[in-house]
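Residue numbers (the numbering used here): 71 to 275. Inspection log for the structure reproduced underneath, given as structure tokens.
Here you go:
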């Protein structure tokens, strides 16, 4: 997950002194927000679950409820919108509303994995007028434009170093024995109060 968040921050490009929004404060969203903050961005996260917002704050990621997000972005940017939105909610319905938050010629990085879920987007209106860019970010490869400086080995080593620096124990909220895998997935789907990351253990707990 740290390596995935690192790739998101690399795909984002230079973000110093920019306002960035991260939608979805699961472990990937929180980690991506933290790394973008370390790269110099001012990060605002959003998630409907209050305990996720609380943990994000402990990673220096300010956060609000989704209902408050449009007004907050408008206030922070004087109505211009933000140059970068990272969509990490996992919810296809969230992506459509992202476009209204994005500034002229801004970019939406889609970190969510929707699988076979259909995603409906309004590609007229703000998307077309503002010349927005919609891009996926994926950890399985290194983008061609980054290959002069980055390899998978370097990215992994960087992620391992970050694991020693980040307060990852705050994300490790739940652990289930492998024999209870269905219970673990149900807890994620519910979601259970306080759950950030559900780990599967090969030892009985």
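Glycine is no exception: its CB is placed at the ideal position from the N, C-alpha and C atoms. If you're wondering where the values come from, they're calculated on a predicted model, not measured in any experiment.
DSSP three-state assignment for residue i, whether helix, strand or coil
i           : result
residue 88  : coil
residue 246 : strand
residue 159 : coil
residue 107 : helix
residue 134 : strand
residue 140 : helix
residue 27  : Summary: the structure shown does not reach residue 27, with the chain confined to residues 71 through 275, and so no result is reported for it.
residue 200 : coil
residue 18  : Since the first and last residues shown for the chain are 71 and 275, residue 18 lies out of range.
residue 257 : helix
residue 273 : coil
residue 78  : helix
residue 97  : helix
residue 218 : coil
residue 193 : coil
residue 167 : helix
residue 40  : Given a span of 71 to 275 for the chain in the structure shown, any question on residue 40 remains unanswerable.
residue 211 : coil
From the options, residue whose alpha carbon lies closest to that of residue i
i           : options            : result
residue 262 : 208, 272, 249, 245 : 245
residue 131 : 143, 112, 119, 140 : 112
residue 84  : 123, 143, 105      : 105
residue 237 : 90, 95, 126, 203   : 126
residue 248 : 268, 264, 229, 232 : 268
residue 208 : 145, 184, 200, 188 : 184
residue 140 : 161, 158, 173      : 173
residue 129 : 156, 97, 157       : 97
residue 92  : 80, 156, 117       : 156
residue 20  : 122, 170, 232, 143 : In this structure the chain extends from 71 to 275, so residue 20 is not present and cannot be described.
residue 153 : 107, 202, 259, 124 : 202
residue 178 : 79, 72, 71, 73     : 79
residue 142 : 114, 119, 164      : 114
Per-residue burial, residue i [other beta carbons within 10 Å of its own, 16 or more giving buried]
i           : result
residue 151 : buried
residue 77  : buried
residue 181 : buried
residue 251 : exposed
residue 135 : exposed
residue 149 : exposed
residue 88  : buried
residue 191 : exposed
residue 255 : exposed
Cutoff 7 Å: residue i Cβ touching any chain C Cβ
i           : result
residue 260 : Among the chains of the structure shown, chain C does not appear; only one protein chain is present.
Strand pairing of residue i, partner residues [DSSP]
i           : result
residue 205 : 179
residue 115 : 92, 133
residue 268 : 244
residue 152 : 172
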